[in-house]
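Enquirer: The opening residue of the sequence shown carries number 1 in full-length UniProt numbering; numbering runs sequentially from there.
Just so you know, even glycine gets a beta-carbon here, dropped at the ideal spot from N, CA and C.
Mind looking over this structure? Questions follow.
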Amino acid sequence: MGLDWVLNQIPLTWEFLAGAILATSPITSYLDTVLSIHRKKSSAGFSLDVCAIMLISSICRIYFYFGRPYELSLLLQSVLMVVIQLVLLKLALQHRPKVPLIPTNGNQPTVEVGQPTQWDRSSIQYRIMQALFGSTLILNYHRTIPPSEGVAKKRPFGFWIWDDERIYWTFLLRFCLWLTVFQFILGTSGLYVESLGLIGLMIEAILPLPQILTNASRGSVDGFRLSLLVSWVGGDVSKFMYLMTAEKVAPQFVLSCVIQTLLDVFVGIQYFMYTTGRWKGTRQAQVTVKRQRADSLKRRRRASSIKRDGEIIEMSESTFN
Numbered sequence: 001m002g003l004d005w006v007l008n009q010i011p012l013t014w015e016f017l018a019g020a021i022l023a024t025s026p027i028t029s030y031l032d033t034v035l036s037i038h039r040k041k042s043s044a045g046f047s048l049d050v051c052a053i054m055l056i057s058s059i060c061r062i063y064f065y066f067g068r069p070y071e072l073s074l075l076l077q078s079v080l081m082v083v084i085q086l087v088l089l090k091l092a093l094q095h096r097p098k099v100p101l102i103p104t105n106g107n108q109p110t111v112e113v114g115q116p117t118q119w120d121r122s123s124i125q126y127r128i129m130q131a132l133f134g135s136t137l138i139l140n141y142h143r144t145i146p147p148s149e150g151v152a153k154k155r156p157f158g159f160w161i162w163d164d165e166r167i168y169w170t171f172l173l174r175f176c177l178w179l180t181v182f183q184f185i186l187g188t189s190g191l192y193v194e195s196l197g198l199i200g201l202m203i204e205a206i207l208p209l210p211q212i213l214t215n216a217s218r219g220s221v222d223g224f225r226l227s228l229l230v231s232w233v234g235g236d237v238s239k240f241m242y243l244m245t246a247e248k249v250a251p252q253f254v255l256s257c258v259i260q261t262l263l264d265v266f267v268g269i270q271y272f273m274y275t276t277g278r279w280k281g282t283r284q285a286q287v288t289v290k291r292q293r294a295d296s297l298k299r300r301r302r303a304s305s306i307k308r309d310g311e312i313i314e315m316s317e318s319t320f321n
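Here it is as structure tokens:
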């Protein structure tokens, strides 16, 4: 049994090739971003909301499969997406830019520190949130997003802009736990299953939106990888072609693909306009981008210095031994 036999067993049809490309798209789309953040020691310019959107939507899609099975390539894509986004989230949080100093009325800049969320612990809202997400999550600090990501913007419960990295993992774990519970209770309900699929895919459809807002608020696409944009657009094209040939495709997938493609095109317009200087950010945004570039360079030099010192020590020890 040689290579010819193996090739004969693989149905090299367009549907198979499109499915393989689609299934492995999470790796081809985000691997370069992962390596870039690891190399630069900074996630400036990358929106953490991309991880939130892809993790929540992919997890919903996985549970949707158990209620309404669809193409295996789409399921594999969701599983791989969860894996690569967990790695990306870990790196992005590890190398997240520090909250910058915020000028106050022309005086010396100060660091704006979040305050603990105030809750009425006897309220129904508090008890529901505690049951869903745990005390660690709902008693978090509201972290003000740096100006480069949106001036003084806050979210309910400080969602996905938490200071403590552990809160992200707590949320994801409990999110999966409660979806499992709902699957056992409502898994046979057509309304629940279809709604879950629609929610998951609509969340995925707005994937480029946080990056659009990040680019607009920073007035720059610095830190956003062109390879990621190309992979997004390429993924849209391959997904369209795959959905046209696949047999078991839920209408939610088609609607999601159309919306996401339109947003990806706008990201492309942003990339062109900002890199050619036709669009420019505010003066403050430009200063912030320059500061983040300098911080990234310092981190890279520091990491390189530590690595070089370690190698010198190892060489010295081996010489004496």
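Starting from the C-beta of Phe-240, find all residues in its chain whose C-beta is less than 7 angstroms away, skip the five residues before and the five after it, and write them out in chain order.
Expert: Result list for Phe-240: Cys-257, in chain order.
Enquirer: Please state whether the Cβ-Cβ distance between Ala-250 and Arg-68 is less than 8 angstroms.
Expert: Yes, the Cβ-Cβ distance between Ala-250 and Arg-68 is below 8 angstroms.
Enquirer: Taking its Cβ as the centre, do 16 or more other Cβ atoms sit within 10 Å of Gly-19, making it buried, or is it exposed?
Expert: Gly-19 should be labelled buried.
Enquirer: Using the C-alpha atoms, what's the distance from Ser-217 back to Thr-245?
Expert: When rounded, the distance between both Cα atoms is 40 angstroms.
Enquirer: Alpha carbons only, please: which of Asn-215, Lys-290, Gly-190, Ile-62 is nearest the one belonging to Val-50?
Expert: Checked all of Asn-215, Lys-290, Gly-190, Ile-62; the closest Cα to Val-50 is Asn-215.
Enquirer: I need the straight-line Cα distance from Gln-252 to Arg-278, nearest angstrom please.
Expert: Roughly 37 angstroms between the two C-alpha positions.
Enquirer: Is the Cβ-Cβ distance between Leu-88 and Thr-170 less than 8 angstroms?
Expert: The answer is no: Cβ separation not under 8 angstroms.
Enquirer: Have a look at Arg-39, Lys-90, Ser-58, Trp-162 and flag the residue whose alpha-carbon is nearest the alpha-carbon of Leu-80.
Expert: The option with the nearest alpha carbon to Leu-80 is Ser-58.
Enquirer: Would you call the segment 258-270 and the segment 197-213 in contact, with 3 or more CB pairs under 8 angstroms?
Expert: Yes, the segment 258-270 is in contact with the segment 197-213.
Enquirer: Take every Cβ of the segment 219-235, pair it with every Cβ of the segment 32-48, and state whether three or more of those distances are shorter than 8 angstroms.
Expert: Counting Cβ pairs under 8 angstroms, three or more are found: they touch.
Enquirer: Suppose the cutoff is 7 angstroms on Cβ atoms and the five residues either side in sequence are ignored; what does the same chain contact list for Ser-36 look like?
Expert: Around Ser-36: Arg-225.
Enquirer: By Cβ distance, which residues of its chain are closer than 7 angstroms to Leu-17, with the 5 residues on each side in sequence left out?
Expert: So no residue of the chain qualifies.
Enquirer: To which residues of the same chain is Gly-197 closer than 8 angstroms at the C-beta, ignoring the five residues directly before and after it?
Expert: Result list for Gly-197: Cys-60, Arg-61, Phe-64, Gly-67, Arg-68, Ala-250, Gln-252, in chain order.
Enquirer: Let's see if you can read the secondary structure: which residues bound the alpha helix (DSSP H) around Ser-238?
Expert: Element bounds for Ser-238: 226-245.
Enquirer: Between the alpha carbons of Gln-183 and Glu-194, how many angstroms are there, rounded?
Expert: Distance between the alpha carbons of Gln-183 and Glu-194: 12 angstroms.
Enquirer: For the alpha helix (DSSP H) containing Pro-69, list its first residue and its last residue.
Expert: That residue, Pro-69, is in no alpha helix (DSSP H); it is neither H nor E in DSSP.
Enquirer: Measure the alpha-carbon distance for Gly-200 versus Ile-56 and round it to whole angstroms.
Expert: About 7 angstroms.
Enquirer: What are the boundary residues of the alpha helix (DSSP H) that Thr-212 is part of?
Expert: This sequence places Ile at residue 212; Thr is not what is there. From DSSP, the alpha helix (DSSP H) with Ile-212 extends over 208-218.
Enquirer: Just to confirm the assignment, what range does the alpha helix (DSSP H) spanning Val-258 have?
Expert: That run of the alpha helix (DSSP H) goes 251-275.
Enquirer: Looking only at its own chain, which residues have a Cβ that is under 7 angstroms from the Cβ of Gln-77, when we skip the five neighbours before and after it?
Expert: Cβ within range, chain order: Leu-22, Ala-23, Ser-25, Pro-26.
Enquirer: By the DSSP assignment, the alpha helix (DSSP H) with Thr-170 in it spans what residues?
Expert: Unbroken alpha helix (DSSP H) run through Thr-170: 165-186.
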